[in-house]
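Trainee:
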Amino acid sequence: MLDLTRRSLIVGAASTGLAPTLLTSGLARAQGTPKRGGTLTTILTPEPPILVLGVNNQGPTTLAAGKLFQGLLEYSFKLEPMPLLAKSWSLSDDKKTYTFKLQDNVKFHDGHPLTADDVIFSITKFHTELSPRARPIFSKIKEATAPDPHTVILTLETPFDPFLLMFDVSACAIVAKHIYDGTEYRSNPANQHPIGTGPFQFVEWQRGNFVRMKRFDDYWMPGEPHLDEIIYRIIPDSQSRALALETGQVQLTQSNDIEPFDVPRFRAMPNLETELQGWEYASQISWIEVNHRVKPLDDVRVRQAISHALDRNFILSKLWFGIGKVATGPIASTTRFYDPHVAKLQAYDPNKAKELLDAAGLKPNAKGVRFTIKQLALPYGEVWTRLAEYFRTALGHVGIEVVLETNDAGAWAKRIGDWDYETSTNFLSQFGDPTLGVERSYISSNIKKITFTNTGGYNNPKVDHLFTTARESGDPAVRAEAFSEVQAILCEEVPQIWLMELAWPTIHDRKLHNVIRSAMGPNAAFGQVYFE
Amino acid sequence: MAPARLARLLAQRVVKIVAVVLAIAVTNFLLIHAAPGDPASVIAGESGAADPQLMAQLRAQFGLDQPLTTQLALYLNHVLHGDLGTSFRQGRPVAELILERLPATLLLTLTAFLFAIVTGITLGAMAAQRVGRIADSVITVLALGFYATPLFWVGLMLVLLFSVWLNWLPSFGMNTIAAGYTGWVAIADIGQHLILPALTLGLFYMAIYARLTRASMLEVASQDFVRTARAKGVPEGRILRRHVLRNALLPVVTFAGIQAGQLIGGSILVETVFAWPGIGRLAFDALLARDYQVLLGVFLCTSVLVVLFNLLTDLLYVMIDPRVQTP
Chain G
1491 MLDLTRRSLI VGAASTGLAP TLLTSGLARA QGTPKRGGTL TTILTPEPPI LVLGVNNQGP
1551 TTLAAGKLFQ GLLEYSFKLE PMPLLAKSWS LSDDKKTYTF KLQDNVKFHD GHPLTADDVI
1611 FSITKFHTEL SPRARPIFSK IKEATAPDPH TVILTLETPF DPFLLMFDVS ACAIVAKHIY
1671 DGTEYRSNPA NQHPIGTGPF QFVEWQRGNF VRMKRFDDYW MPGEPHLDEI IYRIIPDSQS
1731 RALALETGQV QLTQSNDIEP FDVPRFRAMP NLETELQGWE YASQISWIEV NHRVKPLDDV
1791 RVRQAISHAL DRNFILSKLW FGIGKVATGP IASTTRFYDP HVAKLQAYDP NKAKELLDAA
1851 GLKPNAKGVR FTIKQLALPY GEVWTRLAEY FRTALGHVGI EVVLETNDAG AWAKRIGDWD
1911 YETSTNFLSQ FGDPTLGVER SYISSNIKKI TFTNTGGYNN PKVDHLFTTA RESGDPAVRA
1971 EAFSEVQAIL CEEVPQIWLM ELAWPTIHDR KLHNVIRSAM GPNAAFGQVY FE
Chain B
7 MAPARLARLL AQRVVKIVAV VLAIAVTNFL LIHAAPGDPA SVIAGESGAA DPQLMAQLRA
67 QFGLDQPLTT QLALYLNHVL HGDLGTSFRQ GRPVAELILE RLPATLLLTL TAFLFAIVTG
127 ITLGAMAAQR VGRIADSVIT VLALGFYATP LFWVGLMLVL LFSVWLNWLP SFGMNTIAAG
187 YTGWVAIADI GQHLILPALT LGLFYMAIYA RLTRASMLEV ASQDFVRTAR AKGVPEGRIL
247 RRHVLRNALL PVVTFAGIQA GQLIGGSILV ETVFAWPGIG RLAFDALLAR DYQVLLGVFL
307 CTSVLVVLFN LLTDLLYVMI DPRVQTP
């Protein structure tokens, strides 16, 4: 049954590329008649530095700028592409040429019409220069042409199966060529007053206070948006955010606005609704980051022992209060090519952990300590500190002494990038396809002194080969086979010790409708969102 | 004091101030660069994706690819020309960012400052006058309580009481956005938002002033000249005001001088809890993001303010107590 689902998902995703799709999924359209008007007040935290995607790609930037800018596509909860600025698309038989038909009547907020030139500029110049995510993929484009102002044809050097997953707003927001072409993108004055095609246009940003955007009257989708204004309040303290939601001063929270330990309280409030969908595209997985250069962490038995020593169900229920899922391997279950048959991690079993450590020759000393390692706690909020504390306790039970180190975000990123750690905690987005978001952490060619590469230094030629096969094959069946094999190997070798598939609760007033409609979750453009 | 002497005093002090501020700027610069991590690694860390090209682009854009000494020389040169630089992250002039946030912080801290001084000295004087009686005990216990309780906790409790239970006051922010308020309504709106954060910040300092005033007055009250005044038949109220309080104020002025120096940067916690868009948070966010220019700018402004208020405090000493010699 599960296998069927997986396969049909692969076939489904492949066929969407072949046929022009008008799949505006009836499933996502909500019931009820939308009403015009109203101001949505919500939260933005931490405050982003700039609201132009590409120039800055942080989570909060995507959240707010996702209302101002749009991509060609968005994705359903099952990661099928859905039309946005592109009303249809097709893929040639040799799987190299993608043709996008753009929506008619799309205007930028400054009145300029959107044309194929803007799209080609955004893809081949703007994001290719700015974004580390887009660069390796868009540089595969051999030729980009616009036979007419509403058609974009992209020809790749070789087939690239996950290509269509690169067109949401976070990966490739469409910007105006007439504003950015020929300028220094990062210091363009227009970055202070973003101009996009989204349903909302930028009004005002008082730093440290709020970002305000209003309805764009010339928005291309008739009848949308329904809201008059959206106001993002900057509220740095998590308890103050919880109070703002509780008192109704904000009507929507998302991402990590609310600490996990506060979520059960809000789930119980009758006037609020908590949604856990909407993170399928990001599908973040958290793990204990292991530096393979530090002995004895290079020994697979030691990593397996650590994996056995951790009770992931405890982490899920006691630290994340049931939000998210226990990880079963390197690939999130919501991502394409996840294989439930091979993705099985070491079960919680401290005795097994001790046996493995004994076998590795790490016997306890007089104090019961086998060896000591450091854990650099992730400085992204209270729950990660608690996770590091749990890690210390759990490993203590099997005779591994853990010394906690703390740091702020800047120092953390620097030390991970410099390989200057023994163990830490990390989480990374998967972007719907293992080639896009998983491969980077495990292939040896990506062992670099930069955060979010293969910083742990794991090196397995077999794994390299399988990831390369999956990357280079245009055939989903070949890719599926390679990914299944790679999942089996990685689960056995646990190069990183995966913990959880993260989900973030979106909590909103029940009078607010159509909030979570796609795998983009609260990052979506909100044209359909309305107050009852 | 003769005007000529005052002028000479001021001139001397200004030269010292410039030297001190420059020394502070250099120290700040070196200290900040000693912290691990740089703006490029922070941005990479926050974006969840990075490659060598991005890091190189960012470092070149921020000028971080230059040797540290070159960066320092450039920075000092800019500062001497009155240019505080440009924020790495926000791409806007630092002076503009600081000026934008300054009114909010000054409104909050000055309100809290005045509230703390007036109520603190009044309560301290009342306690000293009624030493050992119920009123004294109540004031002392209250002052000790506010002094010992963490600011953010007081803030959250006030929010719980006034925003959540009573629903009288807003729990965060500085104004109601997009409500279209003008004139007195807008001022009243800001006033409403100001009450809780100003009270939270003010209660802590109030406690300090109350304790200082009480202790200092009790010490002065036992001195000979007070007994003499009383023997002369000076009315009790006049003794309290002219003889005791005035002499007891010196430590209070000293402390007020220190607090005034912190008017810009000293309210980070309260600004965070109440989402008050002030300088303290600007500095804190800049610190976390390693936005060196912004952080240096705020530090520079703060240090200038501290030395200025030190000067002012010295002058105030002379006015309150003629026995104090001008240096």
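Residue numbers (our numbering), protein chains in the order written: chain G, 1491 to 2022; chain B, 7 to 333. Virtual Cβ for every residue (Gly too), placed ideally from N, Cα, C.
(1) Would residue 2004 of chain G count as contacting chain B if we go by Cβ distances under 8 Å?
(2) Which residues, in chain order, does the stretch 287 to 300 of chain B contribute to contact with chain G at a C-beta distance below 9 Å?
(3) Can you check which of these residues, B/196, B/192, B/202, is closest to residue 167 of chain B by C-alpha distance?
(4) Of all the CB atoms in chain G, is at least one closer than 8 Å to the CB of residue 186 of chain B?
(5) Which value, in whole angstroms, describes the spacing of the CA atoms of residue 1620 of chain G and residue 95 of chain B?
(6) Kindly indicate which residue of G/1736, G/1554, G/1851, G/1943 has the alpha-carbon position closest to the one of residue 1702 of chain G.
(7) Measure the beta-carbon distance from residue 1529 of chain G to residue 1541 of chain G and round it to whole angstroms, keeping in mind my assumption that it falls under 8 Å.
(8) What does residue 57 of chain B touch in chain G if you count any residue whose Cβ is under 7 Å from its own?
(9) Does the beta carbon of residue 273 of chain B sit closer than 8 Å to a beta carbon anywhere in chain G?
(10) Report yes or no: is there a C-beta of chain B within less than 8 Å of the C-beta of residue 1705 of chain G?
(11) Under 8 Å by Cβ, that's how I've got residue 1868 of chain G and residue 1944 of chain G pegged, so tell me the actual separation to the nearest angstrom.
(12) Run through chain G and tell me which residues come within less than 7 Å of residue 278 of chain B, C-beta to C-beta.
(13) So which residues of chain B does residue 1539 of chain G contact, with C-beta pairs closer than 7 Å?
(14) Let me make sure I understand the geometry here. Which of B/29, B/105, B/266, B/183 has the alpha-carbon closest to that of residue 123 of chain B?
(15) Just confirm the distance between the C-beta atoms of residue 1890 of chain G and residue 1822 of chain G, as a whole number of angstroms; I'd bet it's less than 8 Å.
(16) In its own chain, which residues sit with a C-beta less than 7 Å from the C-beta of residue 1880 of chain G, not counting the 5 before and 5 after it?
(17) For residue 1920 of chain G, go through chain B and note every residue whose CB falls closer than 9 Å to its CB, in chain order.
(18) What's the C-alpha gap between residue 1837 of chain G and residue 276 of chain B?
(19) For residue 170 of chain B, decide whether its Cβ has a neighbour in chain G, counting only Cβ atoms nearer than 8 Å.
(20) Closer than 6 Å by C-beta to residue 1815 of chain G: which residues in its own chain qualify, once you throw out the five before and the five after it? Chain order, please.
(21) If contact means a Cβ-Cβ distance below 9 Å, which residues of the stretch 212 to 224 of chain B contact chain G?
(22) Measure the beta-carbon distance from residue 1645 of chain G to residue 1627 of chain G and round it to whole angstroms, keeping in mind my assumption that it falls under 8 Å.
(23) What residues of chain B sit near residue 1737 of chain G, judged by a beta carbon separation below 8 Å?
(24) In chain order, what residues of the same chain lie with their CB nearer than 6 Å to the CB of residue 296 of chain B, ignoring the 5 residues before and after it?
(25) Do you know how far the Cα of residue 34 of chain B is from the Cα of residue 323 of chain B?
(26) When DSSP labels each residue in this structure, what does residue 65 of chain B get in the three-state scheme?
(27) Could you give the residue range of the beta strand (DSSP E) that holds residue 1765 of chain G?
(28) Note down the Cα distance separating residue 152 of chain B from residue 213 of chain B, rounded to an integer number of angstroms.
(29) Give a yes or no on whether the C-beta atoms belonging to residue 1724 of chain G and residue 281 of chain B are separated by under 8 Å.
(30) Taking only the alpha-carbon atoms, compute the straight-line gap between residue 132 of chain B and residue 148 of chain B and give it to the nearest angstrom.
(31) For residue 1733 of chain G, return the contacting residues in chain B, with the cut-off set at a CB-CB distance below 7 Å.
(32) Whole angstroms are fine: how far does the CA of residue 144 of chain B sit from the CA of residue 252 of chain B?
(33) Near residue 259 of chain B, which residues of its chain fall below 8 Å by C-beta distance, leaving aside the five closest residues on each side in sequence?
(34) Could you tell me which residues DSSP puts in a beta bridge with residue 1537 of chain G?
(35) Using CA coordinates, which residue listed in B/187, B/117, B/112 is at the minimum distance from residue 211 of chain B?
(36) Measure the alpha-carbon distance for residue 1624 of chain G versus residue 2011 of chain G and round it to whole angstroms.
Mentor: In this structure, then:
(1) So no, residue 2004 of chain G is outside the interface.
(2) If the cut-off is 9 Å between Cβ atoms, the stretch 287 to 300 of chain B has 287, 288, 290, 291, 293, 294, 295, 296, 297 near chain G.
(3) Among B/196, B/192, B/202, the Cα nearest to that of residue 167 of chain B belongs to B/202.
(4) Output row for residue 186 of chain B: interface = no.
(5) In this model, residue 1620 of chain G and residue 95 of chain B are separated by some 15 Å (Cα to Cα).
(6) Put simply, of G/1736, G/1554, G/1851, G/1943 the residue whose alpha carbon is nearest the alpha carbon of residue 1702 of chain G is G/1554.
(7) About 19 Å; that fails the 8 Å criterion.
(8) Scanning chain G for C-beta atoms nearer than 7 Å to the C-beta of residue 57 of chain B yields 1622, 1625, 1940, reported in chain order.
(9) Answer no: the Cβ-Cβ gap between residue 273 of chain B and chain G never drops below 8 Å.
(10) It does not; no Cβ of chain B falls within 8 Å.
(11) The Cβ separation is near 18 Å, so there is no contact.
(12) The contacting residues are 1726, 1727.
(13) Neighbours of residue 1539 of chain G on chain B, chain order: 95, 96.
(14) Closest in C-alpha terms to residue 123 of chain B, from the list B/29, B/105, B/266, B/183, comes B/266.
(15) Not a contact, Cβ separation roughly 27 Å.
(16) Take residue 1880 of chain G, set aside five residues on each side of it, and the residues of its chain with a beta-carbon closer than 7 Å to its own are 1805, 1809, in chain order.
(17) Within 9 Å Cβ-Cβ: nothing; residue 1920 of chain G doesn't reach chain B, min ~11 Å.
(18) Between residue 1837 of chain G and residue 276 of chain B, the C-alpha separation is close to 46 Å.
(19) Chain G has a Cβ within less than 8 Å of the Cβ of residue 170 of chain B.
(20) Here residue 1815 of chain G has 1991 as same chain residues with Cβ atoms under 6 Å from its own Cβ, once five neighbours each way along the sequence are excluded.
(21) Answer set for the stretch 212 to 224 of chain B: empty.
(22) So it is not a contact: roughly 14 Å between Cβ atoms.
(23) Correct list: 169, 170, 173, 177.
(24) Hits under 6 Å: 43, 44, 45, 48.
(25) Roughly 30 Å separates the two Cα atoms.
(26) DSSP places residue 65 of chain B within a helical segment (H, G or I) once states are collapsed to three.
(27) For residue 1765 of chain G, the enclosing beta strand (DSSP E) covers residues 1762 to 1765.
(28) Residue 152 of chain B and residue 213 of chain B have their C-alpha atoms roughly 6 Å apart.
(29) Cβ distance < 8 Å, so residue 1724 of chain G and residue 281 of chain B count as in contact.
(30) In this structure, the alpha-carbon of residue 132 of chain B lies about 13 Å from that of residue 148 of chain B.
(31) 165, 169, 170, 177, listed in chain order.
(32) For residue 252 of chain B and residue 144 of chain B, the distance between alpha carbons rounds to 24 Å.
(33) For residue 259 of chain B, where only same-chain residues beyond five positions count, the Cβ hits under 8 Å are 319, 322, 323, 326.
(34) Partner(s): none; residue 1537 of chain G has no beta bridge.
(35) Put simply, of B/187, B/117, B/112 the residue whose alpha carbon is nearest the alpha carbon of residue 211 of chain B is B/117.
(36) CA-to-CA, the gap between residue 1624 of chain G and residue 2011 of chain G works out to about 21 Å.
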